[in-house]
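Visitor: Pasting a structure below so you can have a look.
Residue numbers (the working numbering), protein chains in the order written: chain A, 4 to 360; chain B, 166 to 541.
This is how it looks when you write it as structure tokens:
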């Protein structure tokens with residue numbers, strides 16, 4: 004039993020945190036969010052230099068063979084800084100490619116930072132049901148063509164290729180396509196996504212099935228839990244700071260017990276979410292037992308969703324009117340936590356999954 | 166990061182688990198599972214079984230009967246005690262008076278009291294709260310006046326758990342009423358419950374159980390040798406106790422057993438999504454608390470330091486979970502049923518409301534975290 008990051012994990016998390024503190028503070032981030040692309044090539048290049056784009060991929064293709072626990076500290080730092088670059092979509096889609104015959108053709112460029120991917124799975128109305136795929140793949144000569152529509156594909160506007168789930172007869176499999184064009188838009192939490200329509204688009208088969216999609220989703224959900232812990236930490240830290248500095252009735256408002264107890268509950272909620280993120284990331288790194296993995300991830304997502312909502316709402320409330328203001332980072336953290344709570348399934352979805360396991 | 170116990174720790178857990186299963190008397194196990202009343206004999210019988218095995222006071226130094234187990238082993242042992250459904254080990258002697266004597270007691274006091282606590286020969290209770298001094302313990306008024314070789318004690322304690330079973334009570338008393346700070350002038354006294362002038366009066370709680378009492382002191386003569394530490398240093402002693410051995414306040418093992426019992430008992434509600442989701446949320450909260458508890462343990466092991474003030478969150482969350490489990494258990498009971506178990510389940514719900522009040526109410530625990538951890 005040991006809850007520490009190892010030295011490498013700690014050093015990486017520290018250097019990512021240092022970089023973000025220097026080059027990704029609130030104003031710098033605002034410029035990125037408001038830029039046309041909505042992500043920064045310079046930041047992405049730095050991620051690649053730091054090894055982040057190689058970390059979760061096999062060594063044989065130039066990666067470092069890392070798992071979710073290796074990425075935890077990085078994701079926490081991303082959550083604190085509200086990073087909008089499409090890192091998680093690239094990791095998720097990249098790990099699908101890593102399990103396919105195309106790994107050698109794609110991963111080196113991805114690891115070098117020269118390629119970004121997105122994972123196009125959800126469809127309108129599928130509501131987190133992983134097997135609810137209507138997009139169809141048709142055999143065409145040596146390759147395949149795709150027909151259908153994917154909704155809210157996170158990171159698609161910045162992606163060079165998409166990993167797409169599509170139906171091949173009775174099974175759902177994964178495919179890789181260059182067709183990334185769609186109507187892009189900015190999400191509630193200031194990221195970029197797109198709805199992508201496939202009309203006879205060429206694709207290559209990656210294989211896999213719903214079981215692999217579930218495994219990839221669980222992996223990404225565990226990372227999302229770690230990211231949420233970082234966002235919760237910022238929300239708690241900045242609220243605590245506000246309670247200590249904001250004065251009303253001649254005293255810091257943090258002297259009022261009504262607010263102290265609410266702050267304590269936020270702090271406890273953060274620690275409980277952190278515990279569950281540790282559990283989820285550890286379990287997705289252990290191969291085998293699907294049920295144990297799914298139980299841990301769903302439990303972590305339930306806790307994350309509940310506590311993200313609790314902490315973000317309280318953070319805004321305890322800031323008073325300032326919490327509503329677009330000028331304060333805490334309102335942007337509120338938006339991020341709101342989206343994180345629902346991404347890959349909200350608490351209700353995971354409660355149903357947890358109980359069925 | 167590795168959330169698993171080591172192979173050695175797992176082997177230890179298996180050893181403890183199978184020993185407990187083999188040696189916990191069936192009738193006691195049934196009483197605990199049925200939320201039945203445990204008599205003094207029941208409590209002492211189990212205490213003595215563990216004492217005979219050498220497992221009744223793992224945290225004590227080895228020379229006094231401790232097991233020499235690691236922090237993790239002690240944690241596992243306590244969790245297994247809860248999980249198997251053993252009667253509780255009453256903490257007043259084993260986990261409160263004894264640590265105080267080991268830290269502050271004279272050699273004579275240790276020799277006199279520790280072996281009897283270990284063997285379950287003396288039953289102890291705790292004299293802290295008073296009618297006017299609950300959360301604000303330092304305002305206590307029970308006074309002890311030194312007269313030659315005695316202290317003469319006058320006053321009243323309240324909420325004294327199992328005072329009606331007790332042979333001894335350790336008390337916080339005011340020996341100097343004229344100090345500047347209220348925390349000064351308090352002393353820690355050991356009092357024989359058979360001393361003339363002590364009256365124990367039952368306080369019946371809303372579940373009908375006699376667990377707590379009022380204890381009245383009317384010119385009670387206590388030998389001065391029963392003073393622990395120096396006169397006026399009682400608050401130091403009390404604070405030491407608050408920081409001691411708070412790793413099991415989450416009661417993970419006990420709650421795991423209750424959760425399993427609840428799942429079994431609520432089978433007929435399995436199709437009810439509203440009930441099911443409530444149950445799942447408690448289960449998830451318990452999973453999170455277990456890992457949070459292990460994180461504290463890991464931190465203590467690495468730093469060699471006692472837990473910080475934030476350990477209070479284990480008490481807050483642990484008791485909330487215990488209450489939620491009994492509430493769901495009551496909900497699962499057939500509303501039309503009046504059998505012994507259904508009635509016991511409802512009474513258990515009533516009884517468990519005490520958990521967020523006792524041992525420092527959850528509001529006081531939040532005050533502690535706000536002040537000590539968050540700096541508010």
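Glycine is no exception: its CB is placed at the ideal position from the N, C-alpha and C atoms.
#1: Counting along the chain, where does the beta strand (DSSP E) carrying residue 168 of chain B start and finish?
#2: Indicate whether residue 334 of chain A and residue 326 of chain A have their beta-carbon atoms separated by less than 8 angstroms.
#3: List the residues that DSSP assigns as beta-bridge partners of residue 150 of chain A.
#4: Please confirm if the segment 159–168 of chain A is in contact with the segment 111–122 of chain A, defined as three or more CB-CB distances below 8 angstroms between the two stretches.
#5: Distance, Cα to Cα, residue 240 of chain B vs residue 225 of chain B?
#6: Is it buried or exposed, residue 181 of chain B, if we count other Cβ atoms within 10 angstroms and call 16 or more buried?
#7: Does the structure place the segment 457–475 of chain B close enough to the segment 484–502 of chain B that three or more beta carbon pairs sit under 8 angstroms?
#8: For residue 202 of chain B, which of helix, strand or coil comes out of DSSP?
#9: Short of 8 angstroms Cβ to Cβ, which residues in the segment 235–259 of chain A face chain B?
#10: Which chain A residues are close to residue 178 of chain B, counting only those with a beta carbon under 9 angstroms from its beta carbon?
#11: Taking residue 180 of chain A as part of the beta strand (DSSP E), name the residues at either end of that continuous run.
#12: In whole angstroms, give me the CA-to-CA distance for residue 348 of chain B and residue 400 of chain B.
#13: I'd like the list of long-range same chain contacts for residue 329 of chain B, defined as Cβ closer than 8 angstroms, with 5 residues on each side in sequence excluded.
#14: From the DSSP output, read off the bridge partner residues of residue 121 of chain A.
#15: Apart from the five residues just before and just after residue 275 of chain A, which ones in its own chain have a Cβ nearer than 7 angstroms to its Cβ?
#16: Any idea which residues DSSP pairs residue 388 of chain B with across the strands?
#17: Distance, Cα to Cα, residue 280 of chain B vs residue 229 of chain B?
#18: Does the segment 328–348 of chain A come close enough to the segment 270–288 of chain A that 3 or more CB-CB pairs lie under 8 angstroms?
#19: Excluding the 5 residues flanking residue 20 of chain A on each side, which residues of the same chain have their C-beta closer than 7 angstroms to its C-beta?
#20: Could you work out which residues of chain B lie near residue 266 of chain A, taking near to mean beta carbons separated by less than 8 angstroms?
#21: Checking 8 angstroms against the spacing of the C-beta atoms, do residue 43 of chain A and residue 83 of chain A come in under that value?
#22: For residue 228 of chain A, which residues in the same chain have their Cβ closer than 6 angstroms to its Cβ, ignoring the five residues on either side in sequence?
#23: Under three-state DSSP, which class holds residue 308 of chain B?
#24: Assuming residue 72 of chain A contacts residue 285 of chain A (C-beta within less than 8 angstroms), just tell me the rounded distance between them.
#25: Starting from the C-beta of residue 13 of chain A, find all residues in its chain whose C-beta is less than 6 angstroms away, skip the five residues before and the five after it, and write them out in chain order.
#26: Measure the alpha-carbon distance for residue 423 of chain B versus residue 209 of chain B and round it to whole angstroms.
#27: Can you name, in chain order, every residue of its own chain whose Cβ lies under 6 angstroms from the Cβ of residue 314 of chain A, other than the five neighbours on each side?
#28: So which of A:201, A:255 and A:178 has the shortest CA-CA distance to residue 150 of chain A?
#29: Return the CA-CA distance between residue 458 of chain B and residue 389 of chain B, expressed in angstroms with no decimal places.
#30: Drop a sphere of 10 angstroms on the beta-carbon of residue 153 of chain A, count the other beta-carbons inside from all chains shown, and report buried for 16 or more, exposed for fewer.
#31: Going by the DSSP bridge assignment, what does residue 322 of chain B pair with across the sheet?
#32: Compute the beta-carbon to beta-carbon distance between residue 92 of chain A and residue 158 of chain A, rounded to the nearest angstrom, for a pair I have assumed lies under 8 angstroms.
#33: Can you determine whether any heavy atom of the ligand MG sits closer than 7 angstroms to the C-beta of residue 209 of chain A, and answer yes or no?
#34: For residue 473 of chain B and residue 300 of chain B, what's the separation of their Cα atoms in angstroms?
#35: Out of curiosity, what's the CA-to-CA distance linking residue 234 of chain B and residue 242 of chain B?
#36: Might you give, ordered along the chain, the residues of its own chain that have their beta carbon closer than 7 angstroms to the beta carbon of residue 189 of chain B, omitting 5 neighbours on each side?
Guide: On the basis of the data shown:
#1: In the second chain, residue 168 of chain B corresponds to position 3, counting from 1. Counting along the chain, residue 168 of chain B falls outside any beta strand (DSSP E), and DSSP gives it neither H nor E.
#2: Translated into positions along the first chain, residue 334 of chain A becomes position 331. Translated into positions along the first chain, residue 326 of chain A becomes position 323. Cβ distance < 8 angstroms, so residue 334 of chain A and residue 326 of chain A count as in contact.
#3: Taking the first chain and counting its residues from 1, the one referred to as residue 150 of chain A is at position 147. Residue 150 of chain A pairs with A:139 and A:202.
#4: Under the 8 angstroms Cβ criterion, the segment 159–168 of chain A counts as touching the segment 111–122 of chain A, having at least three qualifying pairs.
#5: Your numbering for residue 240 of chain B matches position 75 in the second chain. Your numbering for residue 225 of chain B matches position 60 in the second chain. Note on geometry: alpha-carbon atoms of residue 240 of chain B and residue 225 of chain B lie some 14 angstroms from one another.
#6: Residue mapping note: residue 181 of chain B aligns to position 16 of the second chain, counting from 1. Burial state of residue 181 of chain B is buried, judged by a 10 Å Cβ sphere holding 16 or more other Cβ atoms.
#7: Judged by Cβ distances under 8 angstroms, the segment 484–502 of chain B makes no contact with the segment 457–475 of chain B, as fewer than three pairs qualify.
#8: Locating residue 202 of chain B in the second chain gives position 37, counting from the first residue. When secondary structure is reduced to three states using DSSP, residue 202 of chain B falls in the coil class, being assigned neither helix nor strand.
#9: Cβ contacts with chain B: 243, 246, 247, 257 and 258.
#10: The residue you call residue 178 of chain B lines up with position 13 of the second chain. Simply none; closest approach about 12 angstroms.
#11: On the first chain, residue 180 of chain A is found 177 positions in, with the first residue counted as 1. For residue 180 of chain A, the enclosing beta strand (DSSP E) covers residues 174–180.
#12: For the purposes of this step, residue 348 of chain B is identified with residue 183 of the second chain, where counting begins at 1. For the purposes of this step, residue 400 of chain B is identified with residue 235 of the second chain, where counting begins at 1. Note on geometry: alpha-carbon atoms of residue 348 of chain B and residue 400 of chain B lie some 6 angstroms from one another.
#13: Residue numbering aside, residue 329 of chain B sits at position 164 when the second chain is read from its first letter. Setting aside the 5 residues that flank it on each side, residue 329 of chain B is surrounded in the same chain by 365, 367, 375 and 378, each with a C-beta closer than 8 angstroms to its C-beta; the list follows chain order.
#14: By 1-based counting over the first chain, the position of residue 121 of chain A is 118. Residue 121 of chain A has A:165 as its beta-bridge partners, per DSSP.
#15: Within the first chain, the letter at position 272 stands for residue 275 of chain A. Short of 7 angstroms from the beta carbon of residue 275 of chain A, and not among the five residues preceding or following it, lie these beta carbons of its own chain, in chain order: 306 and 310.
#16: The residue given as residue 388 of chain B occupies position 223 in the second chain. DSSP lists B:315 as partners of residue 388 of chain B.
#17: Position 115 of the second chain, counted from the start, is the residue given in the question as residue 280 of chain B. Position 64 of the second chain, counted from the start, is the residue given in the question as residue 229 of chain B. Using only the alpha carbons, I get a separation of about 7 angstroms.
#18: With the rule of 3 Cβ pairs closer than 8 angstroms, the segment 270–288 of chain A does not count as touching the segment 328–348 of chain A.
#19: Within the first chain, numbered from 1, the residue matching residue 20 of chain A stands at position 17. The beta carbon of residue 20 of chain A sits closer than 7 angstroms to those of 80, all from its chain and outside the five residues before and after it, given in chain order.
#20: Here residue 266 of chain A corresponds to residue number 263 of the first chain, with the count starting at 1. Within chain B, 535, 539 and 541 have C-beta atoms less than 8 angstroms from the C-beta of residue 266 of chain A, given in sequence order.
#21: Counting from 1 along the first chain, the entry for residue 43 of chain A is found at position 40. Counting from 1 along the first chain, the entry for residue 83 of chain A is found at position 80. Cβ atoms of residue 43 of chain A and residue 83 of chain A: not closer than 8 angstroms.
#22: Along the first chain, read from residue 1 onward, the residue named residue 228 of chain A stands at position 225. Closer than 6 angstroms at Cβ, skipping near neighbours: 280, 283, 303 and 307.
#23: Numbered from 1 along the second chain, position 143 holds the residue referred to as residue 308 of chain B. DSSP, read as helix, strand or coil, puts residue 308 of chain B in strand.
#24: Numbered from its first residue, the first chain carries residue 72 of chain A at position 69. Numbered from its first residue, the first chain carries residue 285 of chain A at position 282. Contact flag correct, Cβ pair sits at about 6 angstroms.
#25: If you number the first chain from 1, residue 13 of chain A lands on position 10. No residues qualify anywhere along the chain.
#26: Against the second chain, residue 423 of chain B aligns to sequence position 258. Against the second chain, residue 209 of chain B aligns to sequence position 44. C-alpha separation (whole angstroms): 23 angstroms.
#27: Taking the first chain and counting its residues from 1, the one referred to as residue 314 of chain A is at position 311. Excluding five sequence positions before and after residue 314 of chain A, the CB atoms of its chain that fall closer than 6 angstroms to its own CB belong to 235, 238, 269 and 272, given in chain order.
#28: On the first chain, position 147 is the one that residue 150 of chain A refers to. Checking every option, the nearest Cα to that of residue 150 of chain A belongs to A:201.
#29: If you number the second chain from 1, residue 458 of chain B lands on position 293. If you number the second chain from 1, residue 389 of chain B lands on position 224. CA-to-CA, the gap between residue 458 of chain B and residue 389 of chain B works out to about 41 angstroms.
#30: The count along the first chain starts at 1 and reaches residue 153 of chain A at position 150. Taking all protein chains shown into account, residue 153 of chain A has 16 or more neighbouring C-beta atoms within 10 Å of its C-beta and is therefore buried.
#31: Numbered from 1 along the second chain, position 157 holds the residue referred to as residue 322 of chain B. In the DSSP output, where bridge partners are listed per residue, residue 322 of chain B has B:380.
#32: Reading the first chain from its first residue, position 89 is the one you call residue 92 of chain A. Reading the first chain from its first residue, position 155 is the one you call residue 158 of chain A. About 3 angstroms separates the two Cβ atoms, so the contact holds.
#33: The ligand MG is absent from the structure shown, which contains no ligand whatsoever.
#34: Indexing the second chain from 1 puts residue 473 of chain B at position 308. Indexing the second chain from 1 puts residue 300 of chain B at position 135. Each residue's alpha carbon lies about 20 angstroms from the other.
#35: The residue given as residue 234 of chain B occupies position 69 in the second chain. The residue given as residue 242 of chain B occupies position 77 in the second chain. A direct Cα-Cα distance of roughly 10 angstroms separates residue 234 of chain B from residue 242 of chain B.
#36: Sequence index remark: in the second chain, residue 189 of chain B carries index 24 (1-based). Only 249 and 251 meet the Cβ criterion.
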